[in-house]
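Trainee:
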Amino acid sequence: MKYYIILISALLVFSISCKTKTENKQKDESTTQVIADTRIVGKVSHQYANTGCNTVIIVKNDDKDNPLVLIPINAIAKEFDKDGWELYFNYRLLKIKNPAGCAHGLPAELSNISKK
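Okay, so the sequence shown: first residue is 2 according to the working numbering, each after it adds one.
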């Protein structure tokens, strides 16, 4: 009888712990979905083309004198690579060296790109 009580108690504890982990996982997934849907606006520029840095994306921020300059590591589709176009996109900064000729800006991986 003593073993049955211990067994039932152990099963009860395991079932509660499994349920808690599942609920936390669902909360984390919903938070990730909200973050994934937020995109920013940036302007395509070729102002550094003469130094060898083909396309950059300029993102306005609070510091008007120093906007965020992103260097897309993967080539942007030709339909979006037009000087002056404003695009919606997500980005992830990369910890790699700047490509040759790109002294100004931060390397980034762009995703979910669309025209404004």
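Idealized CB from N, CA, C, for every residue including glycine.
Is Val45 near Trp86, with beta carbons less than 8 Å apart?
Mentor: A contact, by the Cβ cut-off of 8 Å.
Trainee: Is Lys3 helix, strand or coil when you go by DSSP?
Mentor: Looking at Lys3 - three-state DSSP - the assignment turns out to be helix.
Trainee: Considering only the alpha carbon of each residue, which of Ala104, Lys96, Phe81, Ile97 lies closest to Phe90?
Mentor: Closest option to Phe90, Cα to Cα, is Phe81.
Trainee: Report the residue from Pro100, Ser115, Val60, Tyr92 whose alpha carbon sits nearest the alpha carbon of Ala109.
Mentor: Considering only alpha carbons, the answer is Tyr92.
Trainee: For the candidate residues Pro100, Ala76, Lys3, Ile7, whose alpha-carbon lies nearest to that of Ile114?
Mentor: When only C-alpha atoms are compared, the closest one is Ala76.
Trainee: Evaluate the contact criterion for the segment 92 to 108 versus the segment 58 to 71: three or more CB pairs, one atom per stretch, below 8 Å.
Mentor: With a cut-off of 8 Å, the segment 58 to 71 and the segment 92 to 108 count as touching, because enough Cβ pairs lie within range.
Trainee: Since I believe Tyr49 is in contact with Val60 (beta carbons under 8 Å), could you give me their beta-carbon distance rounded to a whole number of angstroms?
Mentor: Wrong, their Cβ atoms sit about 15 Å apart, outside the cutoff.
Trainee: Tell me the DSSP bridge mates of Lys92?
Mentor: According to the sequence as given, residue 92 is Tyr; it is not Lys. Partner(s): Leu111.
Trainee: From Gln34 to Leu95, what distance separates their C-alpha atoms?
Mentor: Below a pLDDT of 50, predicted positions are generally treated as unreliable, and Gln34, at 47, falls in that range; the measurement from the model is reported next regardless. Roughly 22 Å between the two C-alpha positions.
Trainee: Applying the 10 Å Cβ sphere with the 16-neighbour rule, what's the burial state of Leu111?
Mentor: Label assigned to Leu111: buried.
Trainee: Is it right to say Leu88 is buried, meaning 16 or more other beta carbons lie within 10 angstroms of its own, or is it exposed?
Mentor: Burial call: buried.
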